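The structure under discussion appears below in the form of structure tokens.
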Amino acid sequence: MSIAIDREKCTACGLCRQVCPGSLLYSDGQGKTFIKYPKDCWGCTSCVKECHFKAIKYFLGADMGGKGSTLYTKEEGNLMHWIIVDFEGKEKIITIDKSKANAY
Amino acid sequence: MNLETKTLKTDVLIIGGGTSGCFAAITIAESSKAKVIIAEKSNIKRSGCLAAGVNALNAYIVKGQTPETYLEYVRNDSEGLIREDLVYTMSQRLNSVTRKIESLGLVIQKDESGEYVSRGVRNIKINGENIKPILAEAVEKTPQITVLNRINIIDYIIKDNKAIGAYGFSIDENIFYVIYSKAVICATGGAAGLYRPNNPGYSRHKMWYCPFNTGAGYAMGIRAGAEMTTFEMRFIALRCKDTIAPTGTIAQGVKAPQVNSSGEEYEKSYGANKTFMRMYSTVEENKRGKGPCFLKTSGISKEEEEELFKAYLNMAPAQTLMWVEKGMGPSQENVEIEGTEPYIVGGHTGSGYWVDTKRSTTIEGLYAAGDVAGGSPQKYVTGCFAEGEIAALSTLDYIKGRENVDVDNNEIISKLNEVENFLNEEAVIYSVEDIEDGMQKIMDQYAGGISQGYAYSQGKLKVARERIDELLELSKGLKAQDMHELMLIFEVVDRLFVCKILIKHLEERKETRWRSFQENIDYPQKDDANFLRFINSRYEKGQIRIILRNLVRRDDIYEHRH
């Protein structure tokens, strides 16, 4: 379970580094983020939600049955879009209204 | 490497800015003018158990229920071994703290008459993805509270048997902290990473409990000689296979029963519906060749499936990703379930500091709340808020008329030396990871981990005890190149201390009270005559002293005899 960071998209804002509950993210010297301890990622997606530039994508480790799909989020007012992209590039978007409780 | 020493002073030091810690800080600020420092290992915005969110509040007194019925539920679920005074005083506050978190911004579903919508007998429906940022924002806008993010606290400062602050270090800068306070609230959370986890390789941290909760609060208390209780009541969560995502959302949400590979509902054949029995029955079915076990979801509607996708994104996004990636959701395929590795976590079971009714530990000036406080299982999120509130109010009573006290400079220097000794670039044979692997393997094989179906014998515990002691010795030679690595050293040492005490507690409970959670092969039956009492311990001069304590009733006010 871990994240992949796209160096091209990373704007070096540093917000993700502040929120990681394991303090696993560090600056690479040019201010861009890299994950220093990938095996220590809990998979909470805090950093994914913090990134406004779609630079951080979350995936399942192969040892958990991951098949290369990635997950990122986009916030729009009260809406949180969760975008899952499979290895062929096919997207599924699940939108959650943050002002409403879960059904379950 | 040499560290610069920075000294701070405050009224109340709260160690850990998670569920209980943040709530305690808010309570202090709203009830007094006292100054608070929260020392947090990462950043309070997403630190601790609530990082990814939570999908329901599981401790709430819904219409028709009372604090008495909640107490009854906890007593029954824990086979009678609870501190009724603690569970009851917590239960009485569950609804007021819920209103408080709603007022801070948490979305809770209400019906037409304004009542919270229940999800079960004790649960209410929320949107809890952002519960931690909500708490953090409330803390950060309060000027009385100073948040020190990315500070790892390592030990209490004790003078004349009183807690007068704590030592720590920055994980970014070469700074050693001496923080003085009139009282300390320990709210660090429990301990994960003691046993070999479900996914031992690349995804080793894809676990139920927060992997960054490494038992620091317990270990600091153990080293300071505080009395600890019920470490032998481990918590093992029944989870979705591989993702280790919650099962309750499915079980309660779409009323999915547990079935074995033949599709038989097996839970009832094992007797009472208790948390540990849901776990035990699944282990047993597998042992009898009837596994794998599942939550029977196939056949649920597409709408129900979509709602499950959303519910999981709000707390355990791996599960939704797994379903979507597989192209096979729960409506088409049952969800396989498995037990996690054991954790020590006082918010779910009874492990932690032995506290009085006011949540004071046996060390004067030191209070405990949430997963570190023992005797009071089934706290969940709201119970941790309630306990944070009680500890905060007790602390305010305690600090009245008190001044900050300093410790002797020699003591500071000796602590600083202890820390600096690890910061050394010299090449050594063993790394933190080696010690961690060793610890998790020993605990798994000799202290009832996953590979042993959670069972252990006295003979195996003896091996575990000796091997953990060896690792504790080895850990003294660990070296760190930077401050982050230094934190990793302290995290593994803390877990070894927790293991040491846990093993002793497992050895002392010569019965089996909670199947799977505490399963002693040599003593397979429950023995109320001898063991319906607390097993407590104190670590003194390198030895563990066991103390047996009797139950405390609902309306008793329990006080320590110093």
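Top to bottom, those sequences are chains L and C.
So in this note's numbering, spot 89 of the first sequence is number 89, and the numbers just go up one at a time.
So this note's numbering is basically just the index in the second sequence, starting at one, shifted up by 1000.
All C-beta atoms in this analysis are idealised placements derived from N, C-alpha and C, irrespective of residue type, glycine included.
Because the structure is a prediction, the values reported are computed rather than measured.
Query                                                                                                                                       : Result
Residue-chain proximity (asparagine 78(L), chain C), Cβ-Cβ < 7 Å                                                                            : no
Sequence-distant residues of the same chain with beta carbon closer than 6 Å to glutamate 50(L), five excluded per side                     : Leu15, Cys16 and Val19
Chain-ordered neighbours of histidine 1205(C) on chain L, where CB pairs are closer than 8 Å                                                : Met1, Gly22, Lys39, Asp40, Cys41, Trp42 and Gly43
Reference methionine 1322(C); option with closest CA among Gly61(L), Tyr104(L), Gly29(L) and Lys98(L)                                       : Gly61(L)
Short CB-CB distance (under 7 Å) between serine 1042(C) and chain L                                                                         : yes
Other residues of its chain near valine 1407(C): CB distance less than 6 Å, five sequence neighbours each side excluded                     : Ile1157 and Lys1159
Sheet register partners of tyrosine 72(L) (DSSP bridge)                                                                                     : Ile83(L)
Within 9 Å of chain L by C-beta, residues of the stretch 1313-1331 of chain C in sequence order                                             : Leu1313, Asn1314, Met1315, Ala1316, Pro1317, Ala1318, Thr1320, Leu1321, Met1322, Val1324, Glu1325, Lys1326 and Gly1327
Whole-angstrom distance between methionine 1207(C) and arginine 1509(C), CA atom to CA atom                                                 : 27 Å
Closest residue to asparagine 1530(C) among Ser1516(C), Asn1334(C) and Thr1512(C) (Cα-Cα distance)                                          : Thr1512(C)
Isoleucine 1468(C) beta carbon less than 7 Å from that of leucine 1502(C)                                                                   : no
Chain L residues whose Cβ lies nearer than 8 Å to that of glutamine 1109(C)                                                                 : Lys100 and Ala101
Residue from Glu1079(C), Ser1091(C) and Ala1029(C) with nearest C-alpha to valine 1584(C)                                                   : Absent from the structure is residue 1584(C), since the part of chain C shown begins at 1001 and ends at 1562.
Limits of the unbroken beta strand (DSSP E) element including cysteine 106(L)                                                               : Residue 106(L) lies beyond the range of chain L shown here (1 to 104); nothing can be said about it.
Contacts around arginine 1223(C), its chain only, beta-carbon distance under 8 Å, and the 5 residues preceding and following it disregarded : Asp1155, Phe1497 and Tyr1539
Near the ligand COA: cysteine 10(L) beta-carbon under 6 Å from a heavy atom                                                                 : This structure simply doesn't include the ligand COA, nor any ligand for that matter.
Within-7 Å CB hit, glycine 1477(C) to chain L                                                                                               : no
Close Cβ partners of methionine 1001(C) (< 6 Å) along its chain, the five nearest in sequence each way excluded                             : Leu1423
Where cysteine 10(L) falls: helix, strand or coil (DSSP)                                                                                    : coil
Own chain residues within Cβ distance below 6 Å of threonine 1357(C), not counting five before or after                                     : Asp1085, Ile1557 and Tyr1558
Test: serine 1451(C) CB closer than 7 Å to a CB of chain L                                                                                  : no
Contacts of lysine 54(L) in chain C (Cβ-Cβ under 7 Å)                                                                                       : Within chain C, no residue comes near lysine 54(L); the closest Cβ sits about 16 Å away, beyond 7 Å.
Bounding residues of the alpha helix (DSSP H) (the contiguous stretch that carries alanine 1024(C))                                         : 1019-1031
Validate contact between the stretch 1192-1211 of chain C and the stretch 88-101 of chain L using beta carbons, cut 8 Å, 3 pairs            : no
With 16 other Cβ atoms within 10 Å as the buried cut-off, status of phenylalanine 87(L)                                                     : exposed
Beta carbon proximity, isoleucine 35(L) to chain C, threshold 7 Å                                                                           : no
Contacts of serine 46(L) in chain C (Cβ-Cβ under 8 Å)                                                                                       : Lys1045, Arg1046, Ala1051 and Ala1052
When Lys1479(C), Tyr1343(C) and Ile1145(C) are compared against serine 1031(C), the one with the closest alpha-carbon                       : Ile1145(C)
Rounded C-alpha distance that separates methionine 1228(C) from leucine 1057(C)                                                             : 28 Å
Helix, strand or coil at alanine 1386(C) according to DSSP, with G and I counted as helix                                                   : helix
Length of the line joining the Cα atoms of arginine 1288(C) and glycine 1201(C)                                                             : 28 Å
Unbroken stretches of the beta strand (DSSP E), 3 residues or longer, contained in the stretch 1354-1427 of chain C                         : 1366-1368
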